[in-house]
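In the working numbering, the protein residues as written are -6 to 265.
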């Protein structure tokens, strides 16, 4: 009896294996930034924060200028009103940057983000960059609008020069960008909106208010080393300061860098 030979099975062509995420996959850091940009604008919180910042800027700067005019304060650069408004407006940026991080932990979608971009420093940097860019553009816009509103409120008791005004516009934008980076780092470290906001409100407003309220040269020196104290010297013109604007900007940048590194450390050490 003859046993028919089994025909040789033809080998299937090898299937192409898609690139593993983080190993040469298309997109890279640019893809991570694009994803974070899309996620930021897919919720209403970002728009609401920016609208709130615009409204607060208008009200604060007009009030600041009106008080200076009524009390006959010395003539000052008109941009100081917009710079002073950051004491409140900065919290719209804080909320925007914090929610961009903590909302993903609240919903669990951070797991999908880290699976698609497993290099955690890339996720962290992308969120910080997107928040900083939005905060810079928003802060600069707030400064322009606030200066225009304040000019009406000052009614002649303020000076205007194109160069100093442009410098203050950029300084306010840069300060808001650094606050956004600081907020992203704190949010990654705490992973909870209440915890992050508590730390940021204390650092940016409550602690400076206590130090200035108690008074004294020592406490004033401490405040000058805090983010908003240094940022105030960075943004305002024509006021006495223990150091120059560049030093003030570097102090704020150091706080932002420290928060960024702490947030990255926590992100790498703990599971999502």
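We put the CB at the ideal spot given by N, CA and C, even for glycine.
Quantities reported herein were computed from a predicted structural model and do not represent experimental measurements.
query = So is residue 110 buried or exposed if we call it buried at 16+ other beta carbons inside 10 Å?
reply = For the purposes of this step, residue 110 is taken as the residue at position 117 of the chain shown. Buried: at least 16 other Cβ atoms inside 10 Å.
message = I'd like the list of long-range same chain contacts for residue 221, defined as Cβ closer than 6 Å, with 5 residues on each side in sequence excluded.
response = Taking the chain shown and counting its residues from 1, the one referred to as residue 221 is at position 228. Same-chain partners within the cutoff: 197, 201.
message = Here's a check: name, in chain order, each residue in its chain whose Cβ is nearer than 7 Å to the Cβ of residue 244, leaving out the five neighbours to either side.
response = Along the chain shown, read from residue 1 onward, the residue named residue 244 stands at position 251. Excluding positions up to five away in sequence, the list reads 218, 223.
key: Nonlocal neighbours in the same chain, by C-beta distance under 6 Å from residue 184, ignoring five residues either side   = As a first step, residue 184 must be located in the chain shown, where it is residue number 191. Once the five neighbours on either side are set aside, the close Cβ partners of residue 184 are 98.
request  = Leaving out five residues on either side along the sequence, give the residues of the same chain with a beta carbon under 8 Å from the beta carbon of residue 158.
outcome  = Stepping through the chain shown from its first residue, residue 158 is reached at position 165. For residue 158, where only same-chain residues beyond five positions count, the Cβ hits under 8 Å are 70, 71, 72, 140.
ask   = What's the C-alpha gap between residue 55 and residue 91?
value = As a working mapping, residue 55 is identified with position 62 in the chain shown. As a working mapping, residue 91 is identified with position 98 in the chain shown. Computed Cα separation, rounded: 29 Å.
ask   = Helix, strand or coil: how does DSSP classify residue 38 here?
value = Residue 38 sits at position 45 when you count from the first residue of the chain shown. Residue 38 falls in the helix class under three-state DSSP.
ask   = Per DSSP, what kind of secondary structure is residue 151 in: helix, strand or coil?
value = Reading the chain shown from its first residue, position 158 is the one you call residue 151. Residue 151 falls in the strand class under three-state DSSP.
Sub-8 Å separation of residue 190 and residue 129 beta-carbons = Within the chain shown, residue 190 is the residue found at index 197, counting from 1. Within the chain shown, residue 129 is the residue found at index 136, counting from 1. No. Outside cutoff.
Span of the alpha helix (DSSP H), counted from its first residue to its last, around residue 253 = Start at 1 with the first residue of the chain shown, and residue 253 comes out as number 260. 238 to 262 is the span of the alpha helix (DSSP H), which, as asked, contains residue 253.
request  = Return the first residue and the last residue of the alpha helix (DSSP H) that residue 109 is part of.
outcome  = Looking up residue 109 in the chain shown gives position 116. That run of the alpha helix (DSSP H) goes 103 to 109.
ask   = In or out: residue 248 buried (at least 16 other Cβ within 10 Å) or exposed?
value = The count along the chain shown starts at 1 and reaches residue 248 at position 255. Classification of residue 248: buried, given that the 10 Å Cβ count is 16 or more.
key: residue 186 - DSSP class collapsed to helix/strand/coil   = The residue given as residue 186 occupies position 193 in the chain shown. Note: residue 186 maps to helix in three-state DSSP.
Under the three-state DSSP convention, the category residue 67 falls into = The count along the chain shown starts at 1 and reaches residue 67 at position 74. Note: residue 67 maps to coil in three-state DSSP.
query = Are the beta-carbon atoms of residue 133 and residue 162 separated by less than 8 Å?
reply = Numbered from 1 along the chain shown, position 140 holds the residue referred to as residue 133. Numbered from 1 along the chain shown, position 169 holds the residue referred to as residue 162. Yes, they are a contact pair.
ask   = Can the beta-carbon of residue 63 be found less than 8 Å from the beta-carbon of residue 85?
value = Here residue 63 is taken as the residue at index 70 of the chain shown, counted from 1. Here residue 85 is taken as the residue at index 92 of the chain shown, counted from 1. No.
query = When burial is assigned at 16 or more other CB atoms within 10 Å of the CB, is residue 88 buried or exposed?
reply = Taking the chain shown and counting its residues from 1, the one referred to as residue 88 is at position 95. With 16 or more other Cβ atoms within 10 Å, it is buried.
ask   = Anyone know if the C-beta pair for residue 228 and residue 76 falls short of 8 Å?
value = As a working note, residue 228 is residue 235 in the chain shown. As a working note, residue 76 is residue 83 in the chain shown. In this structure, residue 76 lies closer than 8 Å to residue 228 by Cβ.
ask   = Using the beta-carbon count (16 or more within 10 Å), is residue 176 buried or exposed?
value = To locate residue 176, count along the chain shown from 1; it is residue 183. Residue 176 is buried by the Cβ-count criterion.
Range of the contiguous alpha helix (DSSP H) that encloses residue 268 = The requested residue 268 is not part of the displayed model; the chain covers only -6 to 265.
task = Specify the secondary structure class of residue 229 as computed by DSSP and reduced to three states.
result = Translated into the one-based positions of the chain shown, residue 229 becomes position 236. Note: residue 229 maps to coil in three-state DSSP.
inquiry  = Let's see if you can read the secondary structure: which residues bound the alpha helix (DSSP H) around residue 299?
reply    = This structure leaves residue 299 out entirely; the chain is present only between -6 and 265.
inquiry  = So, at 6 Å on beta carbons, what are the nonlocal neighbours of residue 238 in its own chain, with the 5 sequence-adjacent residues on each side left out?
reply    = Taking the first residue of the chain shown as 1, we reach residue 238 at position 245. Answer for residue 238: 227, listed in chain order.
inquiry  = Checking 8 Å against the spacing of the C-beta atoms, do residue 253 and residue 150 come in under that value?
reply    = Position 260 of the chain shown, counted from the first residue, corresponds to residue 253. Position 157 of the chain shown, counted from the first residue, corresponds to residue 150. Going by C-beta atoms, residue 253 is not nearer than 8 Å to residue 150.
8 Å contact criterion, which residue 118 and residue 169 should meet: CB distance rounded = Here residue 118 corresponds to residue number 125 of the chain shown, with the count starting at 1. Here residue 169 corresponds to residue number 176 of the chain shown, with the count starting at 1. At roughly 19 Å, the Cβ-Cβ gap does not stay under 8 Å, so residue 118 and residue 169 are not in contact.
message = Quick check: residue 204 and residue 216, are their CB atoms within less than 8 Å of each other?
response = Here residue 204 is taken as the residue at index 211 of the chain shown, counted from 1. Here residue 216 is taken as the residue at index 223 of the chain shown, counted from 1. Yes, Cβ-Cβ distance for residue 204 and residue 216 is below 8 Å.
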